[in-house]
Structures are given as structure tokens and as C-alpha cells.
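As C-alpha cells, the structure follows; a few thoughts come after it.
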Amino acid sequence: MLAVVLKYRQAFLIGLQSNLVYRWNFAVRGFFSLFRLAVVFLLWRAAYASAPHIGGFDFAQTLTYFIVLILLQFFIGAFNEDYQISEEIRNGLINQFLLKPINYFLYRLTIFASARVVSGALILVPLLVCLPFLRHAIVLPHEFWRVGLGLPAMAMAALIQFTIAYCFGMLTFWFLEIQGFVILSMAFESILGGQLFPLDLLPPRIFHAAQFLPFYYQMYFPAAILTGRIAREAVAPGLTLQAAWLAILLGVAQLLWRRGLRRHTAVGG
Amino acid sequence: MMYYLRIWIAGARYSVARTLMFRGDFFVWALVELFWMAVNLMMISVIYGHTNSVAGWSEYQMVLLIGTSMLVQRLLMGFFWSSLFELGRNIRSGDFDFFLAQPGHPLFMASTRKLDPDSLLNSFVAIGIVVFAAHRLHLHPTAVDLLTYAILILAGLVIHYSLLVMTMSLTFWLTSAQGVEGSYFSLADFSRLPREALRGVARVIFVWILPVVVVSNTPARTLLHGFQPLWSLWILVVAAGWLLLAVLIFNSGLRRYSSASS
């Protein structure tokens, strides 16, 4: 057991180093996500000018939701893991893992974790710089249970995000180009994952249906727990469904890996 | 002029032939773009499900604004995006050498190499959205309004093109500018906002210094409220100024270009 932990610990440390090489890319991305936040701020401020409450929440609460969303994106979101995995398969780099006692899924997951440590730390810089301006706009609920239940929801959301990206990467075994699939899925995620607007603003029927899809648990669910958009009694069923989706996705990932390897041809040395 | 047109037509023919070779790709990308356009419209519909007005704009006025902003962006994607996106990579890899050897100004050659027929197809969808919104608003624009709208869209295309050229030219200095294109998209997001939503410093920056907001607002207002002489003139001046600036930045970057070792 200890040997296994030590093995992936090394992968984590290497991942940390190689992601630090891209620190400026993450920093630039973080800086531009503030532009996105500015668009969100201007649009919703204009919308709130004619209605003090939208969906039962005021402007500060909605803005807090979007700020938490940015934090979550950098701490638990999958960035370009699908593309990296796709490149490793296409260029034959996965061949080395087939000959070593290392699980490719766990290896990529470890690299994902190290990348999120770096990107998460880097988003804090621009957000702290903006804190004097945002201070009055941040309204977090004071219930402690929200942190206690929000953390497992965040952990599972991170695993769901990574596993979906992993599955898209696996498609490279069948398709030469996966970019189209990835961007199509991003469109689904942005609308059904609550990245464009809090999902509770959807018409009730659609909102209810969205709760049965995996996208809901990728971002909106933990963000809603932390920002007070979900009542306590709805959290436990949510966590159960989230765990169910995680199990399904892990199963699909394993299936794609096994089936994909049967099609894979390793060439050269 | 005719000479450049002939070069452009040759490039366009190559792109169409290439699209016909990869028909599956064409459909996937056309679908992806269509879906993203629907996502933007859905956001508007959700917001207006809870309020009647955003910065004084009604729901269909906002749809008209978003349709206009999409139209400019689809045209940019269709005519220039693929070529300019590759420009950044080619500068880094040294493949940009080939463009220097081609018989035309390197900026023209590098920005018109590829067309994206899927984006051009979706620009008709964007026009459809504008027409639909105009119909719901019972608008009856005159021929002059329509002509002004078309000219302003073209001026908007020039402004967006210039912004993208400037962003991509950064690669001459940064070498590894992976993700710089993201900065263009962050700026383009502002073009979906009504001008009235911006106040104070934001108004100065995004209306006057970086004209991304007026680019979509002025043509949309022309359809909604008729010809806006001062704003229209301002857009034309800005388009000329930004294009000049983009060419200057590109040229000065070009002087730094030292190719890459093989």
C-alpha cells in the first residue's frame, strides 16, 4: 500500500513541477477570467436594476455565486486533460505505461490533482487583488454544515470533471480528432452545469430534469451548497445522485480503456 | 487589388475543396457553433424569465443585439480565425517562413489562407436571428438603415480582425503565447452587453478605448431606432484607426521574427 502511495507521490511531484512551468498560462487565464466576471457583473447589475430579487436571491448573492464558480473552476475543474490524454494516445506515449506497473487512470488523476494545486493557488492572486472591490459583493451563508457537506461535493465534482475529460480522451482510440466533441460537451456543461446562470433560475421542470444529469454535479451542486442556493434537506439526495454518477462514469472510463486498448497499435520503439 | 482578389479566390477554392474532403468535420463544427449560439440565446431567455428589461433593452431587442454580435463574430471566424490562429503557431514553429516567401504582403497571406465554411454557414443563422427579432419587434427598417447596418457590420468585422491580429502578433514577442487567443474571446464577450449597462470607468474603457461594445450596439441601434450618424461615423474612424494600428504592430513584430532552427 505504502509503495503504491509513494509511486503516485512521485508522479504528483513531477506533475507539480511540470505545471509550474505553465504558471504564466494559468495566471493569464486567471486574469482573463476576471474579464468574464466583469461581463457577468455588468449584465446582472443591469438585470437587477429593474428587479431587486431574481429567483429569490439579490444581486450580491448572485455575484457571490459567480465568484465561487471561478474559484471552483481553478480548484476542481478539468482544463485540457482530455486534450493531453488524446495527445498521449495519438503519439503513442501511453505505450510506456502499458509496460510498467502503473495504472494510467490513477497516473493521470495524480497529474490532474497537481495541476489543480498550481492553478488553484494562481487564481487566488488576481482574486485577492480584486478583494477590496469585491468585499461588499461577497455574501456567504453562515451555516457551518455547508462547508462540511460542500467539501465532499467538491471532491466528487472534481472526480466527475476529470473522469468525463478522461472518457473524451479515450475517444482518440476511435476518432482522430476529439476537439469537436469536447467543445460540444463544453456547451452542455456551461448551460447545464450552471456556468452561465445559476440553474435554479431555469423553469422548475427543466431544473428538476437537470438534477438527473451529470453536468449538474460538475460545478453547480458544490457551488450551490457553498453559496446557500440549496436547502439542507436537498443535499443528501444530491450527494447520493452525485456518487451514483461518479460510479457510472468510472465504469464507462474503465470500459473505454479496455475496449480502446484492443484497438490500439503500438508502433516503433 | 485584382491581384489580391485572385489570390484570395484561390485560397477560398482550396478551403472549400478541403471541407468537401472532411464532410464529417464540417457537420460536427457547424453543429458545435450552432449549439453555442443556442446557449447564448438560452441565457437571455432565462434572464428575461425573471425581469422585463436589462439596461432599458427588452428581450427581443437584446436578441437582436446578440444576433448582431454573433454575425460579426461568425464572419470573423469564417474568413480569418483559422488562418490567424495558425499564425501564432507558425511564428513559434518557424513555419511562418513560407508566408514570407509568398507573393503578397505577409499579413494578407497569413490571414486569408483558410476559410471556415461552417462559420460562414452559421452567419446566415445569425442573420436569421436578427430578422426574427426584428419581426417580433415589428421593425420596418428603410433601405438606408439596412445599408448602414451592413456597412457597420463590415466595420465591426475590421475592428474585431484588428484586435485578433494584435493579439496574435504578441507571439512575435512572447514566442510561447499559448492561450493568447483566449484574451480576444474575453474582450469579445463585452460585445453582447448593451451600452447602457456600462457606467463610469467601464464605459470609458469598453466604449471609447476598446470599442468592443459599440461594434455590436451601433448596428443594432440602427435597426431599432434608425440611422445614428455620429456613432456610425465614430465606428468607421475607429475601424480605420485600429486596422492601421494592427498593421503597424504586425509589421514591427515581423521585424523581430528570426525564424526557428530546424
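Chains A and B are the protein sequences, given in the same order. Taking this note's numbering, I'd label the letters of the first sequence as residues 1 to 269. Taking this note's numbering, I'd label the letters of the second sequence as residues 1 to 262. Glycine is no exception: its CB is placed at the ideal position from the N, C-alpha and C atoms. Values in this document were obtained by computation on a predicted structure and should not be read as measured data.
* Asked: How about the region 119 to 131 of chain B and the region 61 to 80 of chain B: do they share at least three Cβ pairs that are nearer than 8 Å?
  -> These segments touch.
* Using the beta-carbon of each residue, which ones in chain C are nearer than 8 Å to Glu189 of chain A? -> Chain labels in this structure do not include chain C; the protein chains are A and B.
* Excluding the 5 residues preceding and the 5 following Glu189 of chain A in the sequence, name in chain order all residues of the same chain whose CB lies nearer than 8 Å to its CB. => For the purposes of this step, residue 189 of chain A is taken as the residue at position 189 of the first sequence. Answer for Glu189 of chain A: Gln195, Phe215, Gln218, Met219, listed in chain order.
* Going along chain B, which residues have a C-beta under 9 Å from Leu201 of chain A? -> In the first sequence, counting from the first residue as 1, residue 201 of chain A sits at position 201. Leu201 of chain A reaches chain B at Val46, Ile47, Gly49, His50, counting residues in chain order whose Cβ is nearer than 9 Å.
* Asked: So which residues on chain A does Gly182 of chain B lean against when the C-beta distance must stay under 9 Å?
  -> Numbered from its first residue, the second sequence carries residue 182 of chain B at position 182. Result: Val28, Arg29, Phe32.
* Asked: So the alpha helix (DSSP H) Leu226 of chain A belongs to, where does it begin and stop?
  -> For the purposes of this step, residue 226 of chain A is taken as the residue at position 226 of the first sequence. Here the alpha helix (DSSP H) through Leu226 of chain A covers 220 to 227.
* Any idea what DSSP makes of Trp57 of chain B, helix, strand or coil? -> Locating residue 57 of chain B in the second sequence gives position 57, where the first residue counts as 1. It is a strand residue.
* Can you check whether the CB of Val213 of chain B is closer than 8 Å to the CB of Arg195 of chain B? -> Taking the first residue of the second sequence as position 1, residue 195 of chain B is located at position 195. Taking the first residue of the second sequence as position 1, residue 213 of chain B is located at position 213. Contact: yes.
* Rounded to a whole number of angstroms, what is the C-alpha to C-alpha distance between Gln102 of chain B and Trp81 of chain B? -> For the purposes of this step, residue 102 of chain B is identified with residue 102 of the second sequence, where counting begins at 1. For the purposes of this step, residue 81 of chain B is identified with residue 81 of the second sequence, where counting begins at 1. Each residue's Cα considered, the two are about 20 Å apart.
* From B:Leu154, B:Gly182, B:Tyr149, pick the residue whose C-alpha is nearest to that of Leu243 of chain B; which is it? -> In the second sequence, the residue the question calls residue 243 of chain B occupies position 243. If we check each option's Cα against that of Leu243 of chain B, B:Leu154 comes out closest.
* Asked: Taking Cβ to Cβ, would you say Ala46 of chain A is nearer than 8 Å to Ala197 of chain B?
  -> Your numbering for residue 46 of chain A matches position 46 in the first sequence. Your numbering for residue 197 of chain B matches position 197 in the second sequence. Taking 8 Å as the cut-off, the beta carbon of Ala46 of chain A is found closer than this to the beta carbon of Ala197 of chain B.
* **Helix, strand or coil at Phe57 of chain A [DSSP, three-state]** => For the purposes of this step, residue 57 of chain A is identified with residue 57 of the first sequence, where counting begins at 1. In the structure shown, Phe57 of chain A sits in a strand (DSSP, three-state: E or B).
* Look at the Cβ atom of Thr51 of chain B, then the Cβ atom of Ser119 of chain A, and state whether they are nearer than 8 Å. => Your numbering for residue 51 of chain B matches position 51 in the second sequence. Your numbering for residue 119 of chain A matches position 119 in the first sequence. Cβ atoms of Thr51 of chain B and Ser119 of chain A: not closer than 8 Å.
* Terminal residues of the continuous alpha helix (DSSP H) containing Ala49 of chain A? -> In the first sequence, counting from the first residue as 1, residue 49 of chain A sits at position 49. Membership of Ala49 of chain A in any alpha helix (DSSP H) is not indicated, and neither H nor E is assigned to it by DSSP.
* Asked: Counting contacts by CB-CB distance shorter than 8 Å, is Asp97 of chain B in contact with chain A?
  -> Counting from 1 along the second sequence, the entry for residue 97 of chain B is found at position 97. Closer than 8 Å to the CB of Asp97 of chain B there is not a single CB belonging to chain A.
* Contained alpha helix (DSSP H) runs [length at least 4] in the region 97 to 175 of chain B, N- to C-terminal order -> Counting only runs that start and end inside the region 97 to 175 of chain B, the alpha helix (DSSP H) elements of at least 4 residues fall at 97 to 100, 106 to 111, 117 to 136, 143 to 174.
* Asked: What is the DSSP secondary structure of Ala266 of chain A, counted as helix, strand or coil?
  -> The residue labelled residue 266 of chain A in the question sits at position 266 within the first sequence. DSSP places Ala266 of chain A in coil when its eight states are reduced to three.
* **Coarse secondary structure for Tyr22 of chain A, derived from DSSP in three states** => The residue labelled residue 22 of chain A in the question sits at position 22 within the first sequence. Residue state for Tyr22 of chain A is assigned as coil, using DSSP reduced to three classes.
* Nearest-angstrom Cα distance between Ile9 of chain B and Ser111 of chain B? -> For the purposes of this step, residue 9 of chain B is taken as residue 9 along the second sequence, with counting starting at 1. For the purposes of this step, residue 111 of chain B is taken as residue 111 along the second sequence, with counting starting at 1. Near 13 Å, if we compare the C-alpha coordinates of Ser111 of chain B and Ile9 of chain B.
* **Assigned secondary structure, Met2 of chain B (DSSP; H/G/I helix, E/B strand, else coil)** => Looking up residue 2 of chain B in the second sequence gives position 2. DSSP places Met2 of chain B in helix when its eight states are reduced to three.
* Asked: Rounded to whole angstroms, how far is the Cβ of Ala113 of chain A from the Cβ of Asn19 of chain A, which I believe are closer than 8 Å?
  -> Locating residue 113 of chain A in the first sequence gives position 113, where the first residue counts as 1. Locating residue 19 of chain A in the first sequence gives position 19, where the first residue counts as 1. Between Ala113 of chain A and Asn19 of chain A a beta carbon distance of about 10 Å is seen, past the 8 Å cut, so the two are scored as non-contacting.
* Output yes if chain B places a C-beta closer than 8 Å to the C-beta of Arg36 of chain A; else output no. => The residue given as residue 36 of chain A occupies position 36 in the first sequence. Judged by the 8 Å Cβ criterion, Arg36 of chain A is in contact with chain B.
* Can you round the beta-carbon distance between Thr163 of chain A and Leu250 of chain A to whole angstroms, since I take them to be within the 8 Å contact cut? -> By 1-based counting over the first sequence, the position of residue 163 of chain A is 163. By 1-based counting over the first sequence, the position of residue 250 of chain A is 250. Contact between Thr163 of chain A and Leu250 of chain A is confirmed by a C-beta separation of about 6 Å, below the 8 Å threshold.
* Residues from the region 9 to 22 of chain B in contact with chain A, defined by Cβ distance under 8 Å -> Nothing from the region 9 to 22 of chain B brings a Cβ to less than 8 Å from some Cβ of chain A.
* Distance, Leu71 of chain A Cα to Ser125 of chain A Cα -> As a working mapping, residue 125 of chain A is identified with position 125 in the first sequence. As a working mapping, residue 71 of chain A is identified with position 71 in the first sequence. Rather than Ser, the amino acid found at residue 125 of chain A in this sequence is Val. Cα-Cα distance, rounded: 11 Å.
* Asked: Arg29 of chain A: which of B:Ile205, B:Phe185, B:Phe227 sits nearest, CA to CA?
  -> Within the first sequence, numbered from 1, the residue matching residue 29 of chain A stands at position 29. Among B:Ile205, B:Phe185, B:Phe227, the Cα nearest to that of Arg29 of chain A belongs to B:Phe185.
* Helix, strand or coil at Met154 of chain A [DSSP, three-state] -> For the purposes of this step, residue 154 of chain A is identified with residue 154 of the first sequence, where counting begins at 1. Per DSSP, reduced to three states, the secondary structure at Met154 of chain A is helical.
* With 8 Å as the threshold, decide whether the Cβ of Trp29 of chain B is near any Cβ in chain A. => Position 29 of the second sequence, counted from the first residue, corresponds to residue 29 of chain B. Judged by the 8 Å Cβ criterion, Trp29 of chain B is in contact with chain A.
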